[in-house]
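Down below is the structure, laid out as structure tokens.
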Ligand code: HEM
Ligand code: HEM
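In this note's numbering, the protein residues as written are 11 to 216.
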């Protein structure tokens, strides 16, 4: 891989000793523990969000779906918080993360990841804006987030009414493409991309 970032970090596994233990921070060969924890925790939470909404659409409102649907807004807020933390962590690690290669596929992967981040921010933000403009009370994890005012503010509710569901299903399609590409890398290209985010520290890509 040709380097955009010159100086490898001291924690980078470039020494003769193979890096068995994952570092907390990212290196140029692998995502560290914090990035992985955020990636997989968020992947699980997104799975829950989509499963809940899909079941609600198929089965309709019922006692069975009430729990899934009831967790949607608090977990959406948690996802937004985690996404902000993840972006800050990515920026803090920006000079020491695995690089995209310079090929068209590398550029596409970078664009795909940027699109994922944009949607992960936009979808819950629009929904929260709607919540604030709805005039209805909302609390998450015992914390009061919005108060009951009884006054709806249309410019705050309209964007999510129009886009929240649509953008969320677009995100699901993008995630499907992302997962398929991760599996293609692992099973067909066998280039170690998956092990940057899963399993033990990836070997150097040369
Ligand atoms: C990143 C997290 C989120 C994802 C992936 C997500 C995804 C979805 C999906 C797929 C639907 C179903 C759309 C349909 O019926 O076709 C939906 C609906 C809904 N979501 Fe979310 N959501 C998220 C965050 C939030 C947050 C933070 C709130 C509120 C604070 C919220 C409130 C709602 C509401 C009220 C609905 C039903 C009305 C509608 O379809 O717009 N969501 N969401
Ligand atoms: C089974 C599910 C998943 C697999 C196998 C998977 C796999 C991976 C792999 C291997 C990478 C590293 C790619 C590289 O180094 O070029 C990665 C990065 C990434 N993944 Fe996933 N992923 C999954 C689910 C998700 C989900 C649900 C999301 C969120 C919507 C997501 C968002 C991202 C993003 C934004 C990156 C860029 C790296 C970063 O800055 O954090 N992934 N994923």
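Ideal placement from N, C-alpha and C gives every residue a C-beta, glycine not left out.
Owing to the predicted nature of the structure, the values given are computational and were not obtained by experimental measurement.
Is any non-hydrogen atom of ligand 2 found closer than 7 Å to the C-beta of residue i, if you look at the structure I gave you?
i	result
residue 134	no
residue 105	no
residue 155	no
residue 56	yes
residue 102	no
Have a look at the DSSP bridge pairing and note the partners of residue i.
i	result
residue 156	148
DSSP three-state label for residue i, please.
i	result
residue 176	helix
residue 208	coil
residue 110	coil
residue 22	At residue 22 the pLDDT is 42, less than 50, meaning the model places this residue with poor confidence; the figure from the coordinates comes in the next sentence. The answer is coil: DSSP assigns residue 22 none of H, G, I, E or B.
residue 104	coil
residue 189	helix
Is there at least one non-hydrogen atom of ligand 1 closer than 7 Å to the beta-carbon of residue i?
i	result
residue 83	yes
residue 78	no
residue 63	yes
residue 50	no
With respect to the alpha helix (DSSP H) encompassing residue i, which residues constitute its N-terminal and C-terminal limits?
i	result
residue 58	43-69
residue 197	It is not in any alpha helix (DSSP H) - residue 197 carries neither H nor E in the DSSP assignment.
residue 73	73-80
Are the C-beta of residue i and some C-beta of chain C separated by less than 8 Å?
i	result
residue 44	The structure shown contains no chain C, having only a single protein chain.
### Message
Does the contact criterion of 3 or more C-beta pairs under 8 Å hold for the segment 48-62 versus the segment 82-91?
### Response
yes
### Task
Could you tell me whether the segment 70-82 touches the segment 101-111, using the rule of 3 or more Cβ pairs below 8 Å?
no
### Task
Pair every Cβ in the segment 106-123 with every Cβ in the segment 39-47, then say whether three or more of these pairs are closer than 8 Å.
yes
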